[in-house]
Amino acid sequence: MNRRRIPEGFPWVLPSLVVLLALSIYPLIYSVKLAAADRRNFTRLFTDRLFLTASIQTIWLTLSALSIEFLLGLALALLIDSLARGRMFFRTALLIPMLLPPVVAAVAWRLIYNPQFGVLNGTLRRLGFHTADLTWTSGESSALASVILVDVWEWTPFLFLLLSAGLQAIPPEPLEAARVDGAGAWRIFRDVTLPLLKPTIVLALLLRTMDLVRIFDQIFILTQGGPGTATETVSLYIYRTAFRFSNFGYAAAMSFVLLAATLLFSRGLLRAMRAR
Amino acid sequence: MKRTRAGWYEAARKAAALVPYLAAVAAVFIALAPVYWLLTISLKREVDQFAYPPQWIGFTATLEHYRDAFAGGSFAAYFENSVLLAAISTLAALAIGVPAAYGLARFEWPRQWDHRIGDWILSTRMLPPIVTIVPLFLMLRQARLLNSLTGLAIVYTGFNLPFVVWMMRGFFEEVPKEIEEAAMLDGESRAGALLRIVLPLVRPGLAATAVFCLVVAWNEFLFALILTQTEAAMTLPVGIASRVTQYEIKWGAMSAAGVVAMIPVLVFAAAAQKYLVRGLSLGAVKG
Chain A
0 MNRRRIPEGF PWVLPSLVVL LALSIYPLIY SVKLAAADRR NFTRLFTDRL FLTASIQTIW
60 LTLSALSIEF LLGLALALLI DSLARGRMFF RTALLIPMLL PPVVAAVAWR LIYNPQFGVL
120 NGTLRRLGFH TADLTWTSGE SSALASVILV DVWEWTPFLF LLLSAGLQAI PPEPLEAARV
180 DGAGAWRIFR DVTLPLLKPT IVLALLLRTM DLVRIFDQIF ILTQGGPGTA TETVSLYIYR
240 TAFRFSNFGY AAAMSFVLLA ATLLFSRGLL RAMRAR
Chain B
0 MKRTRAGWYE AARKAAALVP YLAAVAAVFI ALAPVYWLLT ISLKREVDQF AYPPQWIGFT
60 ATLEHYRDAF AGGSFAAYFE NSVLLAAIST LAALAIGVPA AYGLARFEWP RQWDHRIGDW
120 ILSTRMLPPI VTIVPLFLML RQARLLNSLT GLAIVYTGFN LPFVVWMMRG FFEEVPKEIE
180 EAAMLDGESR AGALLRIVLP LVRPGLAATA VFCLVVAWNE FLFALILTQT EAAMTLPVGI
240 ASRVTQYEIK WGAMSAAGVV AMIPVLVFAA AAQKYLVRGL SLGAVKG
């Protein structure tokens, strides 16, 4: 094949390349220009207390939601996988939270969380608990945890789905061999299942992390970043900076910090996918 | 009759076997209770919505909130916008992306350019939306496409395109090359072979890909929030969100709109269930 000729497949790919250049790459360049127009956009990043708060909270939210979702998702996947009957039913029912429009899910949780007339405090009160201090999303100290809880509810199904598929793809022979060798359930899980599941785990965690660092919808509906700055995240702060205060340059500068974080993860992700 | 020791043991074993099922049922309850609660709020009269103790069952059902939201209210218009937007952007993403997927899957590329292009296309999907949204907002404002479905449809097309290319490429690679080669020997053109021979073979995959695009466009919130700020161009999620942030919230109408917004997603998900894993993991775990 003559290497200097245009590859035969190129015309097929060209329209996609043009669209993506116009809608992804050009905006990125535009963004660099916006941010670079004023050097203070970058120096401000290091002195902005609110940006620091938002970053720390984003990291905290990402790490805690991710670990809870992973552990719960893995436990659920193992649990459902061990059932003799009804696996299909449980699998389908457990997926529903993540399929809903995030806005609708968040609206449902506002109805649940409301301290005065929400169903959560209502039910707890009915069971004899004292609920006056349970403020959920409207309390400064409990708001972030409440947001994390919603994310766990909504996205544990994602970890569950991927890990379930990973479990089903494990060939039965190594498990059998371990059992014949007299290994206990825990040993089999730790030394056979877990290593074989590792590629799926890495992929699921990376995909989820990339979504968590950009979290916006649920928080926008649940708390708008409040009370005070208790649930402010980087995405929310960028949104406010650009579209409430019309400071597009600074918003662009902040978005590059988020982009850098995402690039780190997406490189790992591509490598994990290639490794399969 | 007195049970023997073995009989007790047997009974305990049976009870223990039930524990995993109880745990699974509890998990399903937690997963579905919030959805069910939203549904009840949409069906309750206003006096019952926040009654104490909370009424899970046995309340007087009414459809007035659905009438409020859709017959008299503006949610019907948002609904129409969302339908149009999802349909148009999905069709556009398929029309542009399917040939690219085919091109990457089927032709000889020098020096692994197919992998490089494929990775690059996928990496655009990983851009956080908040990064491109400021420039896209300014670009669309300049083009006078803010607050229009056209503008949003263009953005959604670009958003779904990498996904279409990535998914369809996997499906095309599963079709043996010989099938089209035979058709082309019989005088079909390359495009003819794709349209008449290959696409029908990958129809389930194509349908699943379309469903994913529809769901993404239907659920999308951030772009819609920023790019459509007028009543006339609002989508369903933005319409619902704009009601939550108001001072006085009409929970009934909003819940009704929420219930209606989730129905198509659930129907679609049921239709594409076989491909959920593959779609959600960008094909990395073949489902």
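Listed in order, the protein sequences are those of chains A and B. For the first sequence, numbering that gives the first Met the number 0 assigns the number 0 to the initial residue and increments by one for each residue that follows. For the second sequence, numbering that gives the first Met the number 0 assigns the number 0 to the initial residue and increments by one for each residue that follows. Glycine included, each C-beta is placed from N, C-alpha and C at the ideal position.
Below the 8 Å Cβ cutoff, chain B contributes Pro127, Pro128 and Ile129 as neighbours of Arg213(A), in chain order. Under the three-state reduction of DSSP output, Lys43(B) falls in the strand class. Contact of Met253(B) with chain A by beta-carbon distance below 7 Å involves Val106. The beta carbon of Pro194(A) sits no closer than 8 Å to any beta carbon of chain B. Annotation: Leu162(A) to Leu196(A) spans about 8 Å, alpha carbon to alpha carbon. Going by DSSP, Lys249(B) is part of no alpha helix (DSSP H) at all; its letter is neither H nor E. Around the beta carbon of Arg38(A), fewer than 16 other beta carbons sit within 10 angstroms, so the residue counts as exposed. In this structure, the alpha-carbon of Leu121(B) lies about 36 Å from that of Gly85(A). With fewer than 16 neighbouring CB atoms inside 10 Å of its own CB, Glu177(B) falls in the exposed class. Within chain B, the residues placing a beta-carbon under 8 Å from that of Glu7(A) are Phe106 and Glu107, ordered along the chain. In the pairwise beta carbon analysis, the region 261 to 270 of chain A is classified as touching the region 207 to 215 of chain A: at least three pairs are separated by under 8 Å. Among the residues of chain A, those whose CB is under 9 Å from the CB of Pro134(B) are Tyr25, Pro26, Leu27, Ile28, Tyr29, Ser30, Lys32, Leu33, Phe247 and Ala251, following chain order. DSSP places Glu172(A) in the uninterrupted alpha helix (DSSP H) bounded by Pro171 to Val179.
A straight-line Cα-Cα distance of about 6 Å links Ala91(B) and Thr156(B).
Between the alpha carbons of Ala192(B) and Tyr101(B) lies a distance of about 11 Å. Of all residues in the region 190 to 208 of chain B, none places a beta-carbon less than 7 Å from a beta-carbon of chain A. In this structure, the alpha-carbon of Ala16(B) lies about 40 Å from that of Ala131(A). With a cutoff of 8 Å on beta-carbon distance, Thr230(A) and Thr222(A) are scored as near each other. Scanning chain B for C-beta atoms nearer than 7 Å to the C-beta of Trp11(A) yields Pro98, Ala99, Tyr101 and Gly102, reported in chain order. Across the set Gln167(A), Ala144(A), Pro100(A) and Val201(A), the C-alpha of Pro100(A) shows the shortest separation from the C-alpha of Pro263(B). By the CB criterion at 8 Å, Ala92(A) and Ala182(B) fall outside the cutoff.
DSSP places Glu177(B) inside the alpha helix (DSSP H), whose first and last residues are Lys176 to Leu184. The Cβ atoms of Phe242(A) and Ile225(B) sit closer than 8 Å to each other. Across the region 111 to 123 of chain B, CB contacts with chain A closer than 9 Å involve Trp112, Asp113, His114, Ile116, Asp118, Trp119, Ile120, Leu121, Ser122 and Thr123, in sequence order along the chain. Here Tyr35(B) is exposed, its C-beta having fewer than 16 other C-beta atoms within 10 Å. Going by DSSP, Thr46(A) is part of the alpha helix (DSSP H) stretching over Arg39 to Thr46.
Secondary structure within the region 82 to 134 of chain B: the alpha helix (DSSP H) runs of 4 or more consecutive residues, fully enclosed, are 112 to 124 (chain order).
In the structure shown, Ala60(B) falls within a strand segment according to DSSP collapsed to helix, strand and coil. Residue contact with chain B for Leu148(A): absent (no Cβ-Cβ distance below 8 Å to any residue of chain B).
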